[in-house]
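In our numbering, the protein residues as written are 1 to 244. Just so it is clear, CB atoms sit at the ideal spot from N, CA and C, and this is done for glycine as well.
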């Protein structure tokens, strides 16, 4: 039987989701814990890859297991066994061809930043003292919905077949000195959200205009977009499947 697992993690102490031979990853940590508790080798397949230091408030992965088990009991045991920065919410038995990565129809990320010093936000939000024009940042963000090819925001030397993504939502919201950028798409390229935020940040500073976003996207050149913002402000917040 194929099982989906819903979980979340603080990415501070990990090299990202995907297994790396010499650095701790979320995938490796889950594999080890599940393999011990279920008494058989487990290799989970995630809904996507998050980079070093990036967090996930909602993440899914799948694995196969012949035996059935008490999912509520395993959730309790797994959470007591896992480190404090990873939490498992539930197991979902599904059909054998369900796939955590390929079946996801949309993914949503949030980027958090704050513009006044906050003793409690430093590890989960980017502190930036410069005043930002949020209205212009939103004007530029709306332009993203008009395009499909986002090579200009992709990490270079990546092995993807296409740079096309369908962005359905991209907006900043401000609550006092805290700003959150929310973006939803069918898929994301490596480093894409952090590069988009870095470009919108330049708009907010007045370094470029909202209309310059068109020139940057159409250039298909990563060097024309803004610098990637720090990873610790980025969260994967929602993954949608047609059968969940």
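Residue burial classification, residue i (beta-carbon count within 10 angstroms, cutoff 16)
i           : result
residue 4   : buried
residue 27  : buried
residue 108 : buried
residue 243 : exposed
residue 62  : buried
residue 206 : exposed
residue 33  : buried
residue 176 : exposed
residue 183 : buried
residue 120 : exposed
residue 55  : buried
residue 47  : buried
residue 142 : exposed
Per DSSP, the bridge partner or partners of residue i
i           : result
residue 46  : 61
residue 110 : 182, 235
residue 263 : Examination of residue 263 is not possible in this model, given that the chain is present from 1 through 244 alone.
residue 167 : 185
residue 22  : None; residue 22 has no bridge partner.
residue 172 : 181
residue 97  : BP columns for residue 97 are empty, so no partner.
residue 56  : 9, 236
residue 149 : 164
Terminal residues of the beta strand (DSSP E) in which residue i lies
i           : result
residue 141 : Premise fails: residue 141 lies in the alpha helix (DSSP H), 134-143, not in any beta strand (DSSP E).
residue 2   : 2-9
residue 256 : Because residue 256 is not part of the residues shown, which for the chain are 1 to 244, the question remains open.
residue 128 : Careful: residue 128 lies outside any beta strand (DSSP E) and carries neither H nor E.
residue 208 : Note, residue 208: premise wrong, no beta strand (DSSP E); not H, not E.
Spatial neighbours of residue i in its chain, beta-carbon cut-off 7 Å, leaving aside the 5 residues before and after
i           : result
residue 152 : 216, 217, 219, 220, 221, 222, 224, 225
residue 87  : 7, 8, 79
residue 140 : 200, 203, 210, 213
residue 77  : 37
residue 122 : none
residue 186 : 105, 106, 165, 166
Cβ-Cβ distance between residue i and residue j below 9 Å
i           : j           : result
residue 18  : residue 39  : no
residue 111 : residue 180 : yes
residue 240 : residue 104 : yes
residue 233 : residue 125 : yes
residue 144 : residue 128 : no
residue 136 : residue 148 : no
residue 235 : residue 84  : no
residue 30  : residue 73  : no
residue 231 : residue 11  : yes
Close Cβ partners of residue i (< 8 Å) along its chain, the five nearest in sequence each way excluded
i           : result
residue 15  : 23, 24, 25, 52
residue 89  : 6, 7, 8, 75
residue 132 : 115, 179, 201, 204, 205
residue 45  : 61, 62, 63, 99, 100, 101
residue 154 : 160, 163, 189, 190, 191, 192, 195, 222
Contact set for residue i: own chain, Cβ-Cβ below 6 Å, skip 5 residues either direction
i           : result
residue 41  : 35
residue 71  : 91
residue 2   : 62, 64, 94, 96, 98
residue 168 : 184
residue 158 : 190
residue 156 : 222
residue 134 : 172, 174
residue 170 : 141, 144, 183
Terminal residues of the alpha helix (DSSP H) in which residue i lies
i          : result
residue 28 : 26-38
residue 77 : 71-81
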